[in-house]
Amino acid sequence: MQLNGEDPFMVRKKKTEEYEAKIKQALMVLGEVSEDSTTPRNIRRSAKDAMNALQSSEYTPAVKASNAVALLDEILQDPNMPPYTRVKLWNVMSFIEAIKD
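Quick note: the numbering used here has the sequence shown finishing at residue 101, numbered continuously throughout.
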């Protein structure tokens with residue numbers, strides 16, 4: 001069934017591609033954070049954990065994003081986080097928070 005002249009399958013495919021692009025963008029930034037030697041080790045580890053959550057093949061994009069947001073939300077409370085790293089992680093969260101099923 002078509003609504004407004006759009007094939008629901010094509011709409012879903014477009015959304016999936018959009019979500020994959022956001023995840024790819026988030027992975028790039030998380031990769032930078034996880035390899036930044038000026039960032040405390042626990043924060044780099046959390047960035048890697050968030051990357052693993054986003055790359056998991058067993059969940060939908062929304063669940064992967066939600067898991068990554070939970071990990072990042074926890075680490076953003078760390079008072080030892082450099083301000084530039086905090087901004088990067090906020091940006092990552094803004095990319096992936098929009099991902100819904």
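Even glycine gets a Cβ: it sits at the ideal position worked out from N, Cα and C.
Linking V11 to T38 through their CA atoms gives a straight-line distance of about 42 Å. Here P61 has Y19 and I99 as same chain residues with Cβ atoms under 6 Å from its own Cβ, once five neighbours each way along the sequence are excluded.
DSSP, read as helix, strand or coil, puts D101 in coil. Between the segment 12-32 and the segment 73-82 there are fewer than three C-beta pairs closer than 8 Å, too few to call the two in contact.
For P82 and D101, the gap between their C-alpha atoms comes out near 33 Å.
With fewer than 16 other Cβ atoms inside 10 Å of its own Cβ, M28 counts as exposed. For Y59, the three-state secondary structure derived from DSSP is coil. Taking the Cα of A68 as reference, the smallest distance to any Cα among D49, I43 and Y59 is reached at D49. From the listed residues I23, Y84, P8 and L30, the smallest Cα separation to F95 is found for I23.
With respect to the 9 Å criterion, V33 and A47 are classified as neighbours on the basis of their beta carbons.
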